[in-house]
Each structure stands twice: as structure tokens, then as C-alpha cells.
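In the UniProt record's numbering, the protein residues as written are 1 to 385.
We treat Cβ as the ideally placed atom computed from N, Cα and C, and that holds for glycine.
Keep in mind that this is a model prediction, so the values were computed, not measured.
First the structure, in the form of C-alpha cells, and then the observations on it.
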């Protein structure tokens, strides 16, 4: 066993560990103090955006060749996880910037990458992702938003629903039908700008959780955009959308990990302070077993998520399975862990004076967006390794 200290399998690199420490310090100093108010007032976490942008952590995935930090998939996971530990709404800034812009990274022309990834990396504008519609959620291929060719332009008409950070983001990756006969193979992807004529937004949804991240409908009313704003070839938009989700579902897993870690950390501290029957409630075996299960589920979710992130970076053949598995398992675990955290705080856990009820509400969405966990199970079954 003499060589054990150099045994780097299943261990984060020094750079990744340092990144985690850096982001945690920033999150606790600049983001955590505003988390309760952001939730209570249902307002965009501007302080978090400013702090993340100043530290170049708002869109770490953008390649260095376009002015970005060039972070790998695991580094991106660590950033999202540590921000989500203190404020889930704020963690949607780096997560959705990746979701919105990854289609451009994966399939966009060189000109498109230069035009949009540079400003994103500089912090000049965020990127949102427009796939879902009022009648096309899990069945995304059933979308009705249309794009019709008109000379050197495409004209978009339709409605997108559940769009995260809509109205705040400058840029939108929009999936639209360009050939209705071909179903999923007749869908193309475009970059639409907030300032394009005919783009407008619905009222913010009144949500259970992630209240600091605006979710709105986006309307396209004869939005005329240059043809070179198409991402990839005509008809490849749906394939790009699905390929994107293989990678970005891992960021939802990361978010779930962070929320669960925040709840476990808080509950662990609370049971050491709270006394009943003359001793800390953490001394009771029933409470210890709950904490043990919470920590065990969280660690299992973390290992699966980090392994998935490594596969995302290497673009391995079983990425689709691992992305779905990490998202599904981590979000289910986060829901259980946050619910148990509320239970451990008893009546206090049920009040807004303590953060665990917010974490429980925030955890719920991780089981729903970027594909419900029922859909994840279908994806896993179809892609068994």
C-alpha cells in the first residue's frame, strides 16, 4: 500500500477541490445573505448574478477560445452545486447559461459561436432555452412553434412555456418546426435575441419554489431573424436539443446535490443545539438514523453525478443513461433529504424563519424540469448500459 497517497481514482483533482472552496466562500459571503429575501420577494437574485459575473463563474463552461473560463463538465457541476447549497434560484444562473448556449457550442457555426459565446462569457447577457410549449412538455416533438423561410430570413411564430430566466436573458435558443411533415426531423434550432421585434414575455409564473428565478412564457409574433442564426443544419434542431439535455441534466443533478447538502448541513447543526428530555436531540438513535440515511443517499447521488459529469466531458457512449440516472436519482434523493430536514426541525422546520422549508420547496422542481423523473426512467430503460 506504499503507493496509496498517489492513488487518484475516485478523488477530485486539486484544481477541482480548490474551485469548490472558492465557490463555497463566494456563495456564503455574497449569495447566502440574500437567499431568504430573494425567495420571500420572488425577485431575481441580482446580487448573485453580479457576484458570479465578477468572479467569472456565471458561465464557466464557455470555451477559452471564445473568451470563457473553459471549465470542464465536472467543474461546472461543482459551481452549480455550491451555489445551490445556499440558494437554488441563484444556481440557475450558471445552469441555464449552459443549457441555453450548449446547442450553439455543440452545433453552431463558427460565426454563431463567436457572435454569442463571447458576450455570454463577458457577462453581457444570459442565455435561455426554449423547448417546452403549452401543449408540448414531455412530448417536446409535438411542438407547434413554426419558422418559415423568407429569402435570407426565417420568420418565427409561436409560444414557449416554462422558460427559465425569460425576460432577464438577452439570448434564447428556440426550437421551431421548419417542416411539419417530418415531426422531430422537421424541427430546427435558432438563436433569438430579446430585442428582436415581435419577441415578448408573459407574466412571471407564481411558483412553489425557485421563486428568485423568473419563469415566463415567451411569445414570437412574426419574429424575423437572419438565416445565419439557425443553429446547425435545418431539421437537426431536435437532435441538438436532446444531445444538449444529455449533458445538462447533470447540472440539474448538481443543483439537487447542493440543495440537499444545504438542508443536511442545517439539520446537522440544529440537532446538536436543540435539547429535549435534557439532551441534544442528535443524541437519540432515531434522529441519528435519519441523518445517516440522508448522508448516505446524498453521497450515492454525488458519486453518480460526478461519474456522469466525467462521461459528459469525454462524451462517452453511455452518457444518455448516466445523465438521466444522475438527474433522476439526485433529485429524488434531494426531495427525501429536504423533507427529512424539515422533519428534524419539527415545527420550526415548517416556518419561513428557517431555511429548510425553502430548500424542500426548491428541491421539488429538480424532479420535474429538463424531463420529469418518469421520463428519465423511460430514457434509462431505452439506454441500459
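A Cβ-Cβ distance of about 4 angstroms is found for the pair residue 143 and residue 136, placing them in contact under the 8 angstroms criterion. Rounded to the nearest angstrom, the gap between the Cα atoms of residue 59 and residue 291 is 34 angstroms. At a Cβ-Cβ threshold of 8 angstroms, residue 62 and residue 69 count as neighbours. Below 8 angstroms, enough C-beta pairs join the stretch 229 to 239 and the stretch 98 to 107 to call them touching: three or more. Counting C-beta pairs closer than 8 angstroms gives three or more between the stretch 202 to 221 and the stretch 359 to 376, which meets the contact rule.
For residue 250, the closest alpha carbon among the candidates 9, 78 and 277 is that of 78. For residue 217, the enclosing beta strand (DSSP E) starts and ends at 215 to 226.
When the Cα atoms are used, residue 6 and residue 21 turn out to be separated by approximately 22 angstroms. Take the alpha-carbon of residue 84 and the one of residue 348: they are about 22 angstroms apart.
When beta bridges are read from the DSSP output, residue 280 appears opposite 275.
Measuring C-alpha to C-alpha distances from residue 57 to each of 346, 244, 39 and 76 identifies 76 as the nearest.
Every beta strand (DSSP E) of 3 residues or more that sits fully in the stretch 136 to 192 is shown, in chain order, as 146 to 150, 153 to 164 and 171 to 177. If you draw a 10 Å sphere on the C-beta of residue 321, you find 16 or more other C-beta atoms in it, and that means buried.
Between the stretch 320 to 336 and the stretch 264 to 281 there are fewer than three inter-stretch CB-CB distances shorter than 8 angstroms, so the stretches are not counted as touching. Under DSSP, residue 365 forms no beta bridge with any residue.
For residue 90, the enclosing alpha helix (DSSP H) begins and ends at 88 to 107. Under a 10 Å Cβ-count criterion, residue 378 is classified as exposed, with fewer than 16 other Cβ atoms of the shown protein chains found around its own Cβ. In the structure shown, residue 322 adopts helical secondary structure according to DSSP, grouped into three states. Here residue 10 is exposed. Its C-beta has fewer than 16 other C-beta atoms within 10 Å.
About 19 angstroms separates the beta carbon of residue 245 from that of residue 81, a gap too long to meet the 8 angstroms contact definition. Apart from the 5 residues on each side of it in sequence, residue 253 sits with its Cβ closer than 6 angstroms to the Cβ of 305, 326, 327 and 330 in its chain, given in chain order. DSSP lists 171 as the beta-bridge partner residues of residue 127.
Counting the other CB atoms within 10 Å of its CB gives residue 182 a total below 16, which places it among the exposed residues. DSSP places residue 231 within a strand segment (E or B) once states are collapsed to three. Comparing alpha-carbon positions, the option among 230, 145 and 41 lying closest to residue 132 turns out to be 145.
By the beta-carbon neighbour count (other beta carbons within 10 angstroms, threshold 16), residue 168 is buried. The alpha-carbon separation between residue 120 and residue 66 amounts to approximately 9 angstroms.
Taken through DSSP and simplified to helix, strand or coil, residue 38 comes out as helix. Here the C-alpha atom of residue 40 lies approximately 26 angstroms from the C-alpha atom of residue 99. In terms of Cα proximity to residue 52, the closest of 25, 225, 43 and 38 is 25.
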